[in-house]
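Just so we're aligned, residue 1 is where the sequence shown starts under full-length UniProt numbering, counting upward by one.
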Amino acid sequence: MEQRTPAACAPARRGAAALVPALAAALALVAAPAVAGQPTTATPAGAVTPEGGPRGGGGGGGGGGGAPGGDGTYANPVSAGFADTYADPAVIRGQDGWWYAYGTTDPLREGEGTRHLLPVSRSADLVTWEHVGDAFTEDTLPAWADTERGASLWAPDVRYVDGEYRLYYVVTETTTTPGGGDSAIGVATGPTPTGPWTDSGDPVVDPRPGGSDGPDDFLWTFDPSHVVGPDGTEHLFYGSYYGGIWVTELDETGTEAVGEPVQVTIDNKYEGAYVVQRGGYWFLFASSANCCAGPTTGYSVHVGRSESVTGPYVDREGVPLLQSRAGGTPVVAPNGNAWVGTGHNAVVTDLAGRDWLAYHAIDRADPYLDGTEGINERPMLVDRLDWIDGWPVVRAGAGPSEGEQPAPATAGRVTGFEDGIDRRWRGDAWRAADGDPQGGGYVTAVGEGALLTSSRLPGPVRVEADVRLNPGAAGGVVAGFALGRGRDQAASAQAAGPAGRGSARPGSGVSAMVDTTAGELVLRSGGARATAPLPAGVDWSTWHAVVLEVEGRAARAEVSQARLGDPLAEVTLDLPQRLRPGTAGAVARTAGVHVDDLSVLPLAQPVTDAEPLPRTGELVDEATFDAGLGEGWTAVREPEVTAEGGALVWPVEQADLTGTGNDAGLLLRDVPDGDWTAETVVQVDLGTDDVRNFQQAGLVAYAGDDLFARLSHVAIWNTRQTEFGYETPYAGRLSYGGTIVGPPADTTWLRLVHRTDDAGEHEVRALTSTDGTTWVAGGVWTFPPGTDLRVGLVAHGWDGVAPRATARFDHLRVWAD
1 MEQRTPAACA PARRGAAALV PALAAALALV AAPAVAGQPT TATPAGAVTP
51 EGGPRGGGGG GGGGGGAPGG DGTYANPVSA GFADTYADPA VIRGQDGWWY
101 AYGTTDPLRE GEGTRHLLPV SRSADLVTWE HVGDAFTEDT LPAWADTERG
151 ASLWAPDVRY VDGEYRLYYV VTETTTTPGG GDSAIGVATG PTPTGPWTDS
201 GDPVVDPRPG GSDGPDDFLW TFDPSHVVGP DGTEHLFYGS YYGGIWVTEL
251 DETGTEAVGE PVQVTIDNKY EGAYVVQRGG YWFLFASSAN CCAGPTTGYS
301 VHVGRSESVT GPYVDREGVP LLQSRAGGTP VVAPNGNAWV GTGHNAVVTD
351 LAGRDWLAYH AIDRADPYLD GTEGINERPM LVDRLDWIDG WPVVRAGAGP
401 SEGEQPAPAT AGRVTGFEDG IDRRWRGDAW RAADGDPQGG GYVTAVGEGA
451 LLTSSRLPGP VRVEADVRLN PGAAGGVVAG FALGRGRDQA ASAQAAGPAG
501 RGSARPGSGV SAMVDTTAGE LVLRSGGARA TAPLPAGVDW STWHAVVLEV
551 EGRAARAEVS QARLGDPLAE VTLDLPQRLR PGTAGAVART AGVHVDDLSV
601 LPLAQPVTDA EPLPRTGELV DEATFDAGLG EGWTAVREPE VTAEGGALVW
651 PVEQADLTGT GNDAGLLLRD VPDGDWTAET VVQVDLGTDD VRNFQQAGLV
701 AYAGDDLFAR LSHVAIWNTR QTEFGYETPY AGRLSYGGTI VGPPADTTWL
751 RLVHRTDDAG EHEVRALTST DGTTWVAGGV WTFPPGTDLR VGLVAHGWDG
801 VAPRATARFD HLRVWAD
């Protein structure tokens, strides 16, 4: 997200070539221990380690959270080598083998003072990055960007489609309307990941007028995210708090929105969309809360999923994202270490098949780029993204990392062929070629044959390459990968189909083939076969990423434009037999097959167990209201409450705790020394959909009027959310921000879990539930060592105009752990 104030925390809101016929190629692969001393890595031309030497690599297995490929460790923030701030990152692997990251417009370094318009960086390993330029300069801004109004470019999204790179972005002020703040989505195209970039000439998504007749009232048309569906149709997600997130179909050039857009999230809850397809579902990642509240920034990522790219999207508990009490399953949130404001993500997959979340965050000890206000300093982080029970979560729920972590798998048997075909590969039918403007060196088949590893690898295995088919080739119909027991003969035989060739036994391998004549992605092993249709209109004479994964008796293959989680086709197959270790590589049935960035790595093993939720411990205090308020309470500013029907009844006060007013009442209880958990159950008649700002009721961990954390069921414009807000003194003023947990209901369970870390800080985590059984774990706020905390109840935020809500609390329980 950009430097702006969302409704969640403050009242302010306002191409395609013809199908290539008769082309054939296949890539062959298998797997066992690397030969001692065998070279096992190659990197993009010029890739260096932090010490400046050529980057080495090795084999190495990977299980659990480890990194297959022997890639060592890293520490966040990964942008530290070239930038102090690098917000809203988008990441792609270029055809030259480098990974490229794009950031929102800001100065890169403290004290620099000069903005970089969509800065571009690159990395050979996803963790060591260097700045390689900016997409635009002040002189090359899109012609429709209103420079007189100070137009900026925000939130890039990068794609590679049929041979061209596309960079989508927000233009904050345009010349297309007479009003101000008329944001729109633009796109520029380029031949390489660093451009040169040519703007399309006008918006992809035009400015959208808001609900009033004012000349400066426009919905927030922010944060583009592009996907290609399995039918080849392109879509673009966009939007923010004011107006919600929408998705529109794009024309065949990807530069114009067509048809009727569809709203996929309620407004005033989410922004920063990023969408991937996995396991038959589309997953919509979106960020909530204020991006830029300095040390109290609660920005976090949530997710919903849908069988259709246009929705409806629901969270893990089946709650829709497009309703007032909007759903959303947390993916990453502040966890009590250095990092707050963990949001606006992209998803990138390493060469072992493990997903990683690229996102920005704020170091709470250094939250601003310069001084103690202004631009929030938001460097780029990368953390492992696990898929547990079908849902994504960072580090199994542990949240943002601090300190050394296993690195992504980007080394191992990886070849970009910049230096030709080295001794790691065998294949008489392949020749080195160079001069490709996008990928540099590559290999081309001069006839039928295989290019295979000269050593065996351990399974499970993942094979990946960029594949391009020459329109001049003739006689073949397939392209893809194969796995088999033998070497060249086995691979060629398997690529040839069930009839076989050479000495390979039927069923000795598995092949994934892009059959452009039949229009299918074919996954085959012996007589077993599975297919998925290919979309029409794809230009197979440009580079496409093809992947084959084999583990035990299961195989999966996909082909995509840019390996960004939106495959053109995906297919799985139960194998007739478990494959034995063997060799791997590429195989062609005709000349004119081009292959680049070929990698053969052990397949990453998934993390299957989530971090356990905190235990409640021994019940040490239970306040109920059957006989009135009872003993043990300390009242602050004496709220007007009554006990009725076993509940504490509290009309929402026309007061608040935030800021310097400090006029809200509280009911507090002492907590035990050490670790504890506090829980209440609240009913508050906020209704849905209408504006009831900012009435709320819930729990508070309280050290004073200017140091507290408040977990409430709250009305935020037309939404109802559970906000975990935090206020603390900072730089001579008060700083307040919040993070969002699970959706509320008519009756909502709220928990605060207190732990003391090794440094003596008090960490308080929020959890919510709509049934008292299934809990959603949210973010953490911290208090300084030695802070004397109490826990209690609050009900306030009425503006004196909207209908006044009444809160009913069932109990307040405290457990000691």
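For every residue, glycine included, the Cβ atom is placed at its ideal position computed from N, Cα and C.
Here the structure is a predicted model, which is why all the values come from computation and not from measurement.
Item                                                                                                                            : Value
Segment limits, beta strand (DSSP E) that includes I245                                                                         : G244 to L250
Beta-carbon proximity check, L613 vs W775, cutoff 9 Å                                                                           : yes
Exposure of E308, with buried meaning 16 or more beta-carbon neighbours within 10 Å                                             : First, the residue type needs correcting, since residue 308 is Ser and not Glu in the sequence shown. So S308 ends up on the exposed side.
CB of A532 within 9 Å of CB of P230, strictly                                                                                   : yes
Closest by C-alpha distance to W430, when choosing among R413, R423 and G449                                                    : G449
A678 versus T137: straight-line alpha-carbon distance, rounded                                                                  : 53 Å
DSSP state of P743 mapped onto helix, strand, coil                                                                              : coil
One or two residues paired with A709 in a DSSP bridge                                                                           : A701 and Y726
Straight-line gap, A594 to T516 (C-alpha atoms, nearest Å)                                                                      : The amino acid occupying residue 594 in the given sequence is His; Ala does not appear at that position. Rounded to the nearest angstrom, the two C-alpha atoms are 15 Å apart.
Meets three-Cβ-pair contact criterion under 8 Å: the segment 407-420 and the segment 428-443                                    : yes
Host beta strand (DSSP E) of P651 (start-end)                                                                                   : A647 to P651
C-alpha distance - D370 paired with G399, whole-angstrom precision                                                              : 27 Å
Pair within 9 Å by beta-carbon distance, P203 and W144                                                                          : yes
Collapsed DSSP secondary structure at P392 in the structure displayed                                                           : strand
Where the beta strand (DSSP E) through E549 begins and ends                                                                     : H544 to E551
Heavy atom of the ligand PLP within 8 Å of D621 beta-carbon                                                                     : Within the structure as shown, the ligand PLP is missing, as the structure has no ligands at all.
Contacts around L219, its chain only, beta-carbon distance under 7 Å, and the 5 residues preceding and following it disregarded : R208, G210, Y242 and G243
Whether R278 touches W387 by CB criterion (9 Å)                                                                                 : yes
Alpha-carbon to alpha-carbon, I266 and G779                                                                                     : 22 Å
Alpha-carbon to alpha-carbon, A545 and D597                                                                                     : 9 Å
Option nearest W772 by Cα separation, candidates T756, G742 and R765                                                            : The sequence given here has Gly at residue 772, not Trp. Taking only the C-alpha atoms, the option nearest G772 is G742.
C-beta atoms of L108 and A124 nearer than 9 Å                                                                                   : no
Beta-carbon proximity check, N541 vs R468, cutoff 9 Å                                                                           : The amino acid occupying residue 541 in the given sequence is Ser; Asn does not appear at that position. Cβ atoms of S541 and R468: closer than 9 Å.
Three-pair Cβ contact test at 8 Å for the segment 403-411 versus the segment 346-353                                            : yes
Rounded distance between the beta-carbons of R813 and E622, thought under 8 Å                                                   : 5 Å
C-beta atoms of L452 and R426 nearer than 9 Å                                                                                   : yes
Secondary structure of residue 824, DSSP reduced to three states                                                                : This structure cannot speak to residue 824, because the chain is shown only from 1 to 817.
Closest Cα partner of D146 within the set D139, T175 and L648                                                                   : T175
Coil, strand or helix - R563 by DSSP                                                                                            : coil
Collapsed DSSP secondary structure at P295 in the structure displayed                                                           : helix
A584 versus R524: straight-line alpha-carbon distance, rounded                                                                  : 16 Å
Start-to-end residues for the beta strand (DSSP E) that takes in T285                                                           : Looking at the sequence itself, residue 285 is Phe, so the reference to Thr does not match. It spans Y281 to S288 - the beta strand (DSSP E) in which F285 sits, taken as one unbroken run.
Identified DSSP bridge partners for A145                                                                                        : T174
Local conformation of G232 per DSSP, three classes                                                                              : coil
Candidates L126, W154, G327 and L568, of which the one nearest V301 by Cα                                                       : G327
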